[in-house]
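> My structure is below; once you've seen it, I'll send some questions.
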Amino acid sequence: MILNFGRGLLQNILAFIVLFLFCATTVNASQIKSLTILAEPNLVAALTKISRTYSQKNAVIVSVGFASAADLINDIDSGEPADVFISAHQDWLLNLKQKGLIDIYNVSHIASDDLVLVTSHDNLSAPSYLLEKNPDFEEALQILNQNHLNLIIDNEDSSLGKYSKNIIESLQMHDIKLFTKLSEDKSSIANLLQDNADSYAILLASQVNNRDELRILSRKKSQHLFYQALVIAGDNMDIAREFLKFLKTTQAKNIFKENGFIVEN
Numbered sequence: 005m006i007l008n009f010g011r012g013l014l015q016n017i018l019a020f021i022v023l024f025l026f027c028a029t030t031v032n033a034s035q036i037k038s039l040t041i042l043a044e045p046n047l048v049a050a051l052t053k054i055s056r057t058y059s060q061k062n063a064v065i066v067s068v069g070f071a072s073a074a075d076l077i078n079d080i081d082s083g084e085p086a087d088v089f090i091s092a093h094q095d096w097l098l099n100l101k102q103k104g105l106i107d108i109y110n111v112s113h114i115a116s117d118d119l120v121l122v123t124s125h126d127n128l129s130a131p132s133y134l135l136e137k138n139p140d141f142e143e144a145l146q147i148l149n150q151n152h153l154n155l156i157i158d159n160e161d162s163s164l165g166k167y168s169k170n171i172i173e174s175l176q177m178h179d180i181k182l183f184t185k186l187s188e189d190k191s192s193i194a195n196l197l198q199d200n201a202d203s204y205a206i207l208l209a210s211q212v213n214n215r216d217e218l219r220i221l222s223r224k225k226s227q228h229l230f231y232q233a234l235v236i237a238g239d240n241m242d243i244a245r246e247f248l249k250f251l252k253t254t255q256a257k258n259i260f261k262e263n264g265f266i267v268e269n
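Count the sequence shown with this note's numbering and you get residues 5 to 269, in order.
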């Protein structure tokens with residue numbers, strides 16, 4: 005496995021491109037199969053492991069690029085190589101469908117995620133009601149609003165940002181101190197909380213998985229984010245469809261579960 009950081013598939017990528025190469029036997033270049041997957045950053049850990057497993061099982065060179073949904077759509081529009089697109093951002097998924105850029109017969113729901121309200125374990129000024137009563141998600145946000153506290157949300161280019169903004173607007177919270185992370189800011193919200201311990205943030209449950217420095221105050225149980233995997237129209241659709249089938253296997257589902265996602269049995 006080779007990790008390639010820097011230039012290549014995506015110019016403004018958040019994370020990296022993962023290449024899985026096989027050297028066991030000499031293979032003609034025309035026989036080598038390859039697959040390029042584009043996905044949102046919170047899928048890094050799960051998709052890296054899933055792609056490695058799929059690559060080893062099927063002798064396919066797999067490249068995985070991670071960036072915001074908006075950046076990935078721009079790359080697809082500009083003709084960057086892409087075979088599979090994975091996102092929970094419904095607007096961008098619809099955008100691809102309307103442009104005729106996907107195989108509409110191969111769209112797969114692969115996992116779900118929850119919105120969670122979190123703060124740093126170092127936050128010593130959190131209202132006791134938040135810490136002791138485990139209020140529901142909207143009630144917890146209203147407590148932040150009533151106490152004029154700081155809330156960090158992601159920008160609308162991401163699935164997380166889109167859903168977070170919709171909730172804030174629906175609750176009409178005018179007293180909360182709202183900070184929206186800029187799209188060009190590549191630092192994670194989890195790290196921002198470490199630097200601003202008295203602040204709060206809306207994150208995805210998968211982003212908080214195994215982050216002991218963060219404390220979940222409330223989980224939005226009534227609304228899940230649904231990740232869909234789409235096959236991009238092109239010459240590599242058959243291989244892309246096979247990968248979508250693998251995402252539905254027990255092995256892939258278990259990897260998603262290990263990384264904090266919700267999957268159907």
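From the three backbone atoms N, C-alpha and C, an ideal C-beta is built for every residue, glycine too.
Would you check if the distance between the CB atom of Gln146 and the CB atom of Leu175 is smaller than 8 Å?
Taking 8 Å as the Cβ cut-off, Gln146 and Leu175 qualify as a contacting pair.
> Taking 8 Å as the threshold (C-beta atoms), are Lys166 and Glu173 in contact?
No, they are not a contact pair.
> What number of angstroms, rounded off, separates the C-alpha of Leu100 from the C-alpha of Ser203?
36 Å
> How is Asn110 classed by DSSP in three states: helix, strand or coil?
strand
> Using only alpha-carbon positions, find the residue among Val267, Gln198, Lys103 and Ala144 that is nearest to Ser82.
Lys103
> Contact defined as beta carbons within less than 8 Å: I believe Ser162 pairs with Glu44. What is the distance between those atoms, to the nearest angstrom?
6 Å
> What number of angstroms, rounded off, separates the C-alpha of Asn213 from the C-alpha of Gly264?
So the two alpha carbons sit approximately 5 Å from each other.
> Report the three-state DSSP secondary structure of Asn213 (helix, strand or coil).
coil
> In terms of residue numbering, what span does the beta strand (DSSP E) encompassing Val48 cover?
Premise fails: Val48 lies in the alpha helix (DSSP H), Val48 to Asn62, not in any beta strand (DSSP E).
> Applying the criterion that 16 or more other CB atoms from any shown protein chain within 10 Å of the CB defines a buried residue, is Tyr133 buried or exposed?
exposed
> Since Asn240 contacts Asp87 with CB under 8 Å, what's their CB separation in whole angstroms?
Rounded to the nearest angstrom, the Cβ distance from Asn240 to Asp87 is 5 Å, consistent with a contact under 8 Å.
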